[in-house]
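Asker:
Residue numbers (my numbering): 1 to 189.
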């Protein structure tokens, strides 16, 4: 299976905030481990490796277009894609588009069941989302989320929230501020 393919990279490939990939430069990592690092730990180098594996940001955007997403723009690699300059449409989306995509990947038929389970398992173990959507739901609800942050106080979280004995709820919350050096506010999420 492709997730067991070992991917090698160099120290020069590392970008800011790469807590998992920086520990494995000498050995490389399995593709599944890289994907898990990107989802669970927001590891930026892992994100770039995944982009490279599929042909870059524009190939990702093309795949989203094939799914029906006409809104999301994917233009740059980490960490530049986190600039979030007001008015700049590069690397942007809407909460509705992201929620629709998340639903397709986690409860829809874009992925086979076993791959949906892998993805949601990584999201359930998200190491960066405890103070976001997860913090605002009852403790017996299961949350599988992916958080993000950037310049201009950008803080985002997308989640599939599973209340007991009810259908999953898909949530996408995107926030930003007007000042480049503004800090993000987890409580806003």
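C-beta: ideal position from N, C-alpha, C; glycine also.
#1: If you draw a straight line from the alpha carbon of residue 134 to that of residue 62, how long is it in whole angstroms?
#2: Verify whether the separation of the beta carbon atoms of residue 40 and residue 125 is less than 7 Å.
#3: Could you tell me which residues DSSP pairs with residue 157 in its beta bridges?
#4: Any chance you could list the beta strand (DSSP E) runs of at least 3 consecutive residues sitting entirely within the region 72-151, in chain order?
#5: Residues in its own chain within less than 7 Å of residue 37 by CB, not counting five upstream and five downstream?
#6: Does the pairing of the region 2-16 with the region 27-34 give three or more beta-carbon distances under 8 Å?
#7: Alpha carbons only, please: which of 64, 117 and 2 is nearest the one belonging to residue 100?
#8: According to DSSP, which residues form a beta bridge with residue 7?
#9: Taking one C-beta from the region 154-162 and one from the region 130-146 each time, how about it: are there three or more such pairs within less than 8 Å?
Answerer: Judging by the given coordinates:
#1: Translated into the one-based positions of the chain shown, residue 134 becomes position 134. Translated into the one-based positions of the chain shown, residue 62 becomes position 62. Taking the straight line joining both Cα atoms gives about 31 Å.
#2: As a position in the chain shown, residue 40 is number 40, starting the count at 1. As a position in the chain shown, residue 125 is number 125, starting the count at 1. A contact, by the Cβ cut-off of 7 Å.
#3: Numbered from 1 along the chain shown, position 157 holds the residue referred to as residue 157. Residue 157 pairs with 147 and 173.
#4: 142-150
#5: One-based indexing of the chain shown puts residue 37 at position 37. Excluding sequence neighbours, residue 37 sits near 20, 21, 43 and 46.
#6: yes
#7: The residue labelled residue 100 in the question sits at position 100 within the chain shown. That would be 64, whose Cα lies nearest to the Cα of residue 100.
#8: Mapped onto the chain shown, residue 7 falls at position 7. Residue 7 pairs with 29.
#9: yes
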